[in-house]
Structures are given as structure tokens and as C-alpha cells.
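Engineer: After the C-alpha cells below, expect a handful of questions from me.
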Amino acid sequence: MSADGKIAGVDRKQIRLSSDEDIARVRELRKKYDAILVGVGTILADDPHLTVKELDYDTNPIRIVIDPHGRTPDDALVLDDRAPTVIITSDGCDKEWDCEETLRYEGELRLSDILERLAEEIGIENILVEGGGETIASFFREGLVDRYTVFVGGLIIGGRTSPTPADGEGWVAENGVKLTLKDSMVLGNGVVLTFEPERQ
């Protein structure tokens, strides 16, 4: 995020915030996880690959997209052949994608149910949640965050409606979600902060 706590401008388009050193850190971090997860808003705003370039299809983490209403475009980069992709959607969505698996759910999508199903059916035991703000807020809301790591870059973005790392309407944690700082590290023109949520 930027030094004023934003992850994009008011148009929600991606802005380069990470230093080269932090990009390398994220690349190594991705290798440690079974899967990388984002919400469909990140797909629409940034069109990311969500892969590690030097890894092949079988060794890249599985890409997971939470998309209740079927908004992921057919030509999205997350659907390319660099890594397996799983789309999470609602039972009322009849869209089909050219991906490894589509998991459909009746009613409201509960992250705890999704994680349980991913573990049982696909064998995914750990997930790196990369965004966006509403998805990260949802993981905090359900108490599913083990570690929260953020790079704070030397940039001011501004904008009253610019998105933040834990975004979204309709949720304000009572007294906030308390975090304990576990590590800090300067990387280029910024700092990586690692927190662990305090369990209630």
C-alpha cells in the first residue's frame, strides 16, 4: 500500500507501489503456498497472471478466484495455461470457464466452507490471499487470517474513495481487529510489516 494507506487510485486501477526488492520477495513468497486467491474485483482491475514466471503448470500455485456473479472475462490472464485455476461462484451463476474446476455454492459464499472444500477436494492446505480489499476484509471478518503482511511504499495516492488493503462496505469490526507486529524489514524505498491477529 501507499504511505497514506491506499492500494490504488479512485479509478481502482493498479499503481506500482512495490520496490524491485519487494517484488522479488513476493515471488519467493508465492512459491511457499499451495494456492493464490483473489476476488473478481482484482481480476477486473488488474488482470493479473498470479503465477511465478520460472515455475511451470505443475509447480505453480493453484489460482483461485472468488466470483459469485460470473464476472471473470473469458480472456482473463488468470485463465491462461501457466497454472491451474479454480473459480468459486454461486449456484445461480450459469457461466462456464475454461479452467480446471468451478466450485458452485448455494446461498451466501462463506469463506470457511470454501476453504474446507478446497482442502477436501483439491488438497489445498495453505493460501496466499493477495486481494483485493473487500476479499481481505472478508477473511478478517470470518477470523481466517493467520498472518497479515503489507509493503508500505514511498508514495502518496490520496482520494477519499481510493481503496485500502481491508476495504468494503457494511463491515466495521467492533473495536477493530487487533494485530501484533511480528517483523519489519526495509526493502528499497519502503518497509514490509508483518502482523499476526490477536485471537479473541
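Residue numbers (my numbering): 39 to 238.
Cβ coordinates follow ideal geometry from the N, Cα and C atoms, glycine included.
Taking the alpha-carbon positions, what's the Leu55 to Gly145 distance?
Structural biologist: When rounded, the distance between both Cα atoms is 37 Å.
Engineer: So, helix, strand or coil for Leu153, using DSSP?
Structural biologist: Note: Leu153 maps to helix in three-state DSSP.
Engineer: Can you give me the C-alpha to C-alpha distance between Glu154 and Ile160, rounded to a whole angstrom?
Structural biologist: Cα-Cα distance, rounded: 10 Å.
Engineer: Give me the Cβ distance between Glu168 and Val76, rounded to the nearest whole Å; I'm assuming they're in contact under 8 Å.
Structural biologist: Glu168 to Val76, Cβ: 5 Å. Contact.
Engineer: How big is the Cα-Cα spacing for Arg50 and Pro201?
Structural biologist: Cα to Cα, the separation comes out at about 7 Å.
Engineer: How many Å lie between Arg185 and Asp94 at the Cα?
Structural biologist: So the alpha carbons of these two residues sit roughly 27 Å apart.
Engineer: Which of the three DSSP states, helix, strand or coil, is assigned to Ala73?
Structural biologist: Ala73 falls in the strand class under three-state DSSP.
Engineer: Leaving out the 5 sequence neighbours to the left and right, which residues in its chain are closer than 8 Å to Gly192 when beta-carbon positions are compared?
Structural biologist: Ala41, Asn227, Gly228, listed in sequence order.
Engineer: Do you know whose CA, among Ile100, Leu182, Ile125, Phe178, lies nearest Asp205's CA?
Structural biologist: With distances taken between Cα atoms, Asp205 lies closest to Phe178.
Engineer: Do you know whose CA, among Asp105, Thr218, Lys91, Gly214, lies nearest Ile152's CA?
Structural biologist: Checked all of Asp105, Thr218, Lys91, Gly214; the closest Cα to Ile152 is Asp105.
Engineer: Between the Cα of Asn213 and those of Glu236, Val224, Gly130, Pro122, spot the shortest distance and give me the residue it belongs to.
Structural biologist: Nearest option by C-alpha distance: Glu236.
Engineer: Is it true that the region 84–93 meets the region 110–123, where meeting means three or more beta-carbon pairs spaced less than 8 Å apart?
Structural biologist: Contact holds: three or more Cβ-Cβ distances are below 8 Å.
Engineer: Cβ of Ile195 within 8 Å of Cβ of Lys70?
Structural biologist: Contact flag unset, no.
Engineer: Confirm, please, whether the CB-CB distance from Lys220 to Thr232 is below 8 Å.
Structural biologist: Closer than 8 Å, so yes.
Engineer: Considering only residues of the same chain and omitting the five flanking positions on each side of Ile241, which have a CB-CB separation below 7 Å?
Structural biologist: Summary: the structure shown does not reach residue 241, with the chain confined to residues 39 through 238, and so no result is reported for it.
Engineer: Whose C-alpha, out of Thr127, Ile102, Asp58, is nearest the C-alpha of Leu115?
Structural biologist: That would be Ile102, whose Cα lies nearest to the Cα of Leu115.
Engineer: Taking the Cβ atom as the reference point for each residue, do Gln52 and Ala73 lie within a distance shorter than 8 Å?
Structural biologist: Not in contact: Gln52 and Ala73 (Cβ atoms no closer than 8 Å).
Engineer: Can you give the beta carbon distance from Thr110 to Ile100, rounded, assuming they're within the 8 Å contact cut?
Structural biologist: Not a contact, Cβ separation roughly 15 Å.
Engineer: Given Glu138, which residues of its chain have a CB within under 7 Å of its CB, disregarding the five upstream and five downstream residues?
Structural biologist: Closer than 7 Å at the Cβ level, and outside the excluded window around Glu138, lie Pro122, Thr123, Val124.
Engineer: Please classify Trp135 as buried or exposed, where buried requires at least 16 other C-beta atoms within 10 Å of its C-beta.
Structural biologist: Its Cβ being crowded by 16 or more others within 10 Å, Trp135 is buried.
Engineer: Would you grab the beta carbon distance between Phe189 and Val230 for me? Rounded to a whole angstrom, and I think it's under 8 Å.
Structural biologist: At roughly 5 Å, the Cβ-Cβ gap stays under 8 Å, so Phe189 and Val230 are in contact.
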